[in-house]
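One structure below.
Residue numbers (my numbering): 16 to 175.
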């Protein structure tokens, strides 16, 4: 979710006419949860879910003096349309569906393998984010320790 024409000082005056010119930008597809100054110029708008409706990772905005990343999971059901498989229409579901339609490797029922050789799917956003979290937890020289009960309580994960 972003609106660069509104959020970046002077950008609208610099590029708005170029975004409208199909000779300079033949196809503009916006993926956003909101209609805004930037998405209004798109040829196609793909509805996206809001941060509270989807999986993801993000860095703190400011004021954090250590390396940090936050994981998020859906806390409310997305109100966007659903795919034939029942997944919310969002950026991730669009990209996965296009990749599968193009028969790109690394998508679908046997997208990848774990370290024991078991096939793993990449059909839904959660498939991707689960693997990304595992890579963070197990990607170093030794696996990260399990979270303590008080850490789970502080984060709210214990309610899941």
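No residue lacks a Cβ here, since even glycine has one placed at the ideal position from N, Cα and C. From a predicted model like this one, the values you see are computed outputs, not experimental measurements.
Residue pairing of residue 87 in beta bridges, as defined by DSSP: 71.
Residues of the same chain with a CB within less than 6 Å of the CB of residue 125, apart from the 5 flanking positions on each side, are 134 in chain order. Assignment of residue 148 by DSSP, reduced to helix, strand and coil, places it in the helix class.
In the three-state DSSP reduction, residue 61 falls in the strand class (E or B). Separation of residue 139 and residue 49 (C-alpha to C-alpha, rounded to the nearest whole angstrom) is 22 Å.
Within the same chain, Cβ atoms closer than 6 Å to the Cβ of residue 45 are found at 54, 57 and 60, the five residues on either side in sequence being excluded.
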